[in-house]
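From first to last, the protein sequence lines are chains A and B.
Counting from 1, position 218 in the first sequence corresponds to residue 1383 in the numbering used here; the numbering is continuous, with no gaps.
Counting from 1, position 160 in the second sequence corresponds to residue 180 in the numbering used here; the numbering is continuous, with no gaps.
Below: one structure, written as C-alpha cells.
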Amino acid sequence: MRDGVKLALERLAERYDNLVVLDADVGFSTRTAYYGKIRPNMFFNIGPMEQAMFGIAAGLAIEGFKVIASTFATFVLRGYEIIRNSIALEDLDVKIVGTHAGVSVGEDGPTHQAIEDIAAFYALPNFRILSPADKYEVVSCLEYAIEDPHPYYIRVSRVSLGDIYRGIPKFKPCRVLIDGSDLTIIATGVVVYEAVEAAKELLNNFNISVKVIQVTQLKPFPTRDVLKEVCGEAVITVEDHNIYGGLASILSQTLLSSSASGIKIVPIGVPDKFGISGKSHDVMRKFGILKEDIIKLVKELTKNDSL
Amino acid sequence: MERLHSRTHKRDQVIRKLEGKARQIRKMIIEMIVSARSGHLMSSLSPVEIMVALYYYIMSPKDIFILSKGHAAPALYSILIDKGVIPKEMLHKLRKIDGLEGHPRMNIPGIESPSGSLGIGLAVAAGRALGKKLKGEDGYVYVLVGDGELQEGICWEVFQFANARNLDNLFVIVDRNGLQLSGPTELINPMEPLDMRLKAFGFWTRTIDGHNFEEIIDAIERGKRIQRPKAIIAHTLKGKGIQELEWNVNGHLMKISEIEEMIRRYWEE
C-alpha cells in the first residue's frame, strides 16, 4: 500500500511548488524518498529525529509551505507530544503520514507495529484521520488532505492484500462496497480487502447477505452516512489496530449515542496485545484479522438466530 | 579621534535608553504577574535585557523572535504591549479567561510560535529558519531558550539539524540563569561546559553577561558575520531586578503575597 505514497507525491509535485516533505531516515521504506528525486531541494531526510521533525514541520507550515511529514506509525508517536503542542494546538496545515501501521508489518515485529495510533490521534482536537484501503486510495486521501489547511493523520500499511479500486477513486469518507441485508461489516485500511472477500464467499457459499461499508475518514467520523447504511442486527468492525481505541471504539461511541444503540457490535482487530514477528499474512492470521476469521464470526452470529 | 568619540557617545546614549526601557519592562512584568496572582516571575525577569535589545535595537522587520522559553511570556507580552501590538488592558489579564494565555499562542498578536512545552519553540524556529532560506528571504530567526530547557533531547536534535543544513539565519540565545524548576541546573544535570557542547554541535558560540547591553549587541553583531548557526550563552540572574529574588531558588515557590511585599519595598526604594 505504501507505493501509493510514491504515486501521490509524484502527482502532488506537479501541482504544488511549495510542498515540503520531511522524513526521519526511513524514506526508502515509506516511499517519500522518491520525492527527493523529483524535488531534491524540497525533500529533507533529517535523520531519526522524530520530535524535531514535527516541530520543524510546524515551523515550515507557519512559513506558508504545504508540509508532509512521514515515518513509521510507531515512530510518529515518539513525536506525539510535539505534534500535540504545536501542530494540533495551533491547527497547522501539516499532513502526517504514518506508514507501517498495524501488525501486517510482519517481520520487524511489535516495536514497528502500530496498534494504537488511531486511538492516539482520535483524542487530539483539530486532527482529521484518514485510513485508505489500497495504494490508489492513498493517493486520493493525500490529494484530498493537502487541499484542506488543517492537520491530518493518514495511516498507511506496509503491505496490501489486494486492491479495492482499479484507479484513483474520488475521495469519500465512507463507501458501501458490497450491498447486503443480514448483517453489516464496517472495515478500514488494509483489511477492507479481507472484508470484501469474506462477503463474497459468504454469499456464494453460505447464502448469507453481508453489507460491507468501508470507512476511510475515521475522524471526523461520517456518522450520518454510516448509520444510514447499517443493516441487520449486528455490526462487525474490522481493522488492523487494537480493538480498543480504533474503529470499534469510534463506532461504538457513535452508535451508542444514536437511535441505533440497540445494535450489537463485535470487533475484529488486534485483541489488546502487542504484535509479533512473522510473515505478514501469518501474523494477521495469528491475530484473527483475515477473511477466514470474518467468515467464521459471521456464521456464528447468524446461526440459529443467535442475533 | 572625534568621530570615534561621538560614535561611543551615541552608543552610550542608546544603552542608557535601553537600560531605561528594561526597567520599565520589568515593572510591567511585575505588575502583570501580581495582577494575575500566577506566573513565572523569576524566569520572566532574567531575559529582559536580551529581549529589550532585540525588540528595541537589533531586530529589523525581516527578523522574528521566538520565545521557546514560553513560561517567560510576561516579558514578551509586556514588550508587545509597550509597542502597541497587544492591547494595553491585557496587562492585567494574564492567565485570565478572555485575557492573555499563560504560555504564548499564535492567535496573540506578535507571537511567532506556540511555546510552553520545552524545546518546541526551538524546533519551530529551525523550521521557520529553513522556510525563510527556501523562500530566499533575508532576516534572522532569534530564539530564546532556557538552560533547563536545553536538557530536553529535542533541542539537540534541532542543533544537529541546524548544523546539517547550515541554518546561518538562526540565532539561539540561552538564558543561562543556572536554575531550573526543581533547583540549580548543575546539581540536576551538569551542563558545563555548555559552550563546548554547542560548539561541538557546529554552532558559533559566544558567552556574555546577559544583563549587559553592550555585550549583547556586540555578540549579535559579531555573530552576523559568521556563516554558521549561532549560539549566545547569556549569563543571567533569575529574578534580576528584585534583589531578594535574584538567585533565590525558592523564589518561585513564594506566595504571591510575599512577593507583593518584596515588590512594594522595591518600588519604594
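All C-beta atoms, glycine included, are put in the ideal place defined by N, C-alpha and C.
- [ ] Quick one: measure Cβ to Cβ for Phe233 (chain B) and Tyr162 (chain B), integer angstroms, because I've assumed they're closer than 8 angstroms.
- [x] Rounded to whole angstroms, the Cβ separation of Phe233 (chain B) and Tyr162 (chain B) is 15 angstroms, and the two are not in contact under 8 angstroms.
Open item on the list: Does any residue of chain A have a CB that is nearer than 8 angstroms to the CB of Phe85 (chain B)?
Closed with: No - not a single Cβ of chain A is within 8 angstroms of the one on Phe85 (chain B).
- [ ] Specify the secondary structure class of Gln1216 (chain A) as computed by DSSP and reduced to three states.
- [x] The answer is helix: DSSP assigns Gln1216 (chain A) an H, G or I state.
- [ ] Check the C-beta distance from Ile1433 (chain A) over to Gly1453 (chain A) and give it rounded, since I have them as a contact under 8 angstroms.
- [x] Taking 8 angstroms as the upper bound for CB-CB distance, Ile1433 (chain A) and Gly1453 (chain A) are in contact here, some 7 angstroms apart.
Task: When A:Glu1308, A:Val1380 and A:Met1214 are compared against Leu1177 (chain A), the one with the closest alpha-carbon - done: For Leu1177 (chain A), the nearest C-alpha among the options comes from A:Glu1308.
TODO: Measure from the C-beta of Gln200 (chain B) to each C-beta in chain A and report whether the shortest distance is under 8 angstroms.
DONE: Judged by the 8 angstroms Cβ criterion, Gln200 (chain B) is not in contact with chain A.
TODO: Show which residues of chain B have a CB atom less than 8 angstroms away from the CB atom of Asn1250 (chain A).
DONE: Those are Pro134, Gly136, Ser137 and Ile140, listed as they occur along chain B.
TODO: Using three-state DSSP, classify Cys1396 (chain A) as helix, strand or coil.
DONE: DSSP, read as helix, strand or coil, puts Cys1396 (chain A) in coil.
- [ ] Using a Cβ cut-off of 8 angstroms, pull out every chain A residue sitting near Ala145 (chain B), in sequence order please.
- [x] Those are Gly1224, listed as they occur along chain A.
- [ ] Starting from Ala1217 (chain A), find everything on chain B with Cβ-Cβ shorter than 7 angstroms and list it in chain order.
- [x] The answer, in chain order, is Ala143, Ile174, Glu177, Val178 and Phe181.
TODO: Could you spell out the range, first to last residue, of the beta strand (DSSP E) harbouring Tyr1301 (chain A)?
DONE: Premise fails: Tyr1301 (chain A) lies in the alpha helix (DSSP H), Lys1300 to Glu1312, not in any beta strand (DSSP E).
TODO: Could you say which of B:Ser133, B:Leu164, B:Ala220 and B:His123 lies nearest to Ile236 (chain B) if we only look at CA atoms?
DONE: Closest option to Ile236 (chain B), Cα to Cα, is B:Leu164.
TODO: Ignore the nearest five residues each way along the sequence and tell me which others in Lys1171 (chain A)'s own chain have a CB closer than 7 angstroms to its CB.
DONE: Result list for Lys1171 (chain A): Arg1196 and Tyr1199, in chain order.
- [ ] Kindly indicate the opening and closing residues of the alpha helix (DSSP H) around Thr1467 (chain A).
- [x] If you look at Thr1467 (chain A), you'll find it in the alpha helix (DSSP H) that goes Lys1456 to Thr1467.
Task: Neighbour flag for Ile1211 (chain A) against chain B, beta carbons, 8 angstroms - done: Contacts with chain B at 8 angstroms (Cβ-Cβ) include Ile1211 (chain A).
Task: For Val1463 (chain A) and Ser1471 (chain A), the rounded distance between their alpha carbons - done: Since pLDDT at Ser1471 (chain A) reaches only 47, below the 50 mark, its modelled position is unreliable, and no value is offered.
Open item on the list: On the DSSP bridge list, what partners appear for Trp224 (chain B)?
Closed with: Beta-bridge annotation (DSSP): Trp224 (chain B) is paired with B:Lys250.
Open item on the list: Just verifying my parser: in three-state terms, what is the DSSP assignment at Pro1432 (chain A)?
Closed with: Of the three classes helix, strand and coil, the one that applies to Pro1432 (chain A) here is strand, per DSSP.
Task: Proximity test, Cβ basis, 8 angstroms: Glu1255 (chain A) and chain B - done: Interface criterion met: the Cβ of Glu1255 (chain A) is under 8 angstroms from a Cβ in chain B.
Open item on the list: Quick check: what's the CA-CA separation for Gln1278 (chain A) versus Asn1407 (chain A)?
Closed with: In this structure, the CA atom of Gln1278 (chain A) is about 11 angstroms from the CA atom of Asn1407 (chain A).
- [ ] Go ahead and label Arg1180 (chain A) buried or exposed: buried means 16 or more other beta carbons lie within 10 angstroms of its beta carbon, across all protein chains shown.
- [x] With fewer than 16 Cβ atoms within 10 Å of its Cβ, Arg1180 (chain A) is classed as exposed.
Open item on the list: Could you compute how far the alpha carbon of Leu1225 (chain A) sits from the alpha carbon of Ala1173 (chain A)?
Closed with: Spanning the two alpha carbons is a distance of roughly 20 angstroms.
Task: Neighbourhood of Asp1473 (chain A) by C-beta, 7 angstroms cutoff - its chain only, sequence neighbours within 5 removed - done: With chain A covering 1166 to 1472 only, the question about residue 1473 (chain A) has no answer from this structure.
- [ ] Could you name the residues of chain A that Arg148 (chain B) contacts, counting a contact when the two beta carbons are closer than 7 angstroms?
- [x] Result: Gly1224, Ile1227 and Glu1228.
Task: Own chain partners of Ala1425 (chain A) with C-beta closer than 7 angstroms, once the 5 adjacent residues on each side are dropped - done: Only Leu1392 and Val1395 meet the Cβ criterion.
TODO: Could you pull the start and end residues of the beta strand (DSSP E) that Lys1231 (chain A) belongs to?
DONE: Going by DSSP, Lys1231 (chain A) is part of the beta strand (DSSP E) stretching over Lys1231 to Phe1237.
TODO: Assign Ser1471 (chain A) to one of three DSSP states: helix, strand, or coil.
DONE: Low per-residue confidence applies at Ser1471 (chain A): pLDDT is 47, beneath 50, and the placement is therefore not dependable, though the value from the model is reported in the following sentence. Assignment of Ser1471 (chain A) by DSSP, reduced to helix, strand and coil, places it in the coil class.
Task: Burial state of Ile1460 (chain A), where buried means 16 or more other Cβ atoms lie within 10 Å - done: Label assigned to Ile1460 (chain A): buried.
Open item on the list: Would you say Met79 (chain B) lies against chain A (beta-carbon separation less than 8 angstroms)?
Closed with: Output row for Met79 (chain B): interface = no.
Task: Nearest residue (CA-CA) to Ser1251 (chain A), options B:Met79, B:Thr205 and B:Pro134 - done: Comparing Cα-Cα distances from Ser1251 (chain A) to each of B:Met79, B:Thr205 and B:Pro134, the minimum goes to B:Pro134.
- [ ] Tell me, please, whether the stretch 140-151 of chain B touches the stretch 106-118 of chain B by the rule of three or more beta-carbon pairs shorter than 8 angstroms.
- [x] The stretch 140-151 of chain B and the stretch 106-118 of chain B do not touch, with fewer than 3 CB-CB distances between them shorter than 8 angstroms.
TODO: Could you tell me whether the stretch 172-179 of chain B touches the stretch 215-230 of chain B, where touching means 3 or more Cβ pairs closer than 8 angstroms?
DONE: Short answer: they touch.
Task: Nonlocal neighbours in the same chain, by C-beta distance under 6 angstroms from Val1232 (chain A), ignoring five residues either side - done: Answer for Val1232 (chain A): Val1185, Ala1222, Leu1225, Ala1226 and Val1259, listed in chain order.
Open item on the list: Rounding to the nearest angstrom, what Cα-Cα distance links Ser1417 (chain A) and Thr205 (chain B) in this structure?
Closed with: Straight through space, the alpha carbons of Thr205 (chain B) and Ser1417 (chain A) are spaced by roughly 49 angstroms.
Open item on the list: I'd like to know if the stretch 88-97 of chain B and the stretch 149-156 of chain B are in contact, where contact means that at least 3 CB-CB pairs between them fall below 8 angstroms.
Closed with: Contact fails: fewer than three Cβ-Cβ distances are below 8 angstroms.
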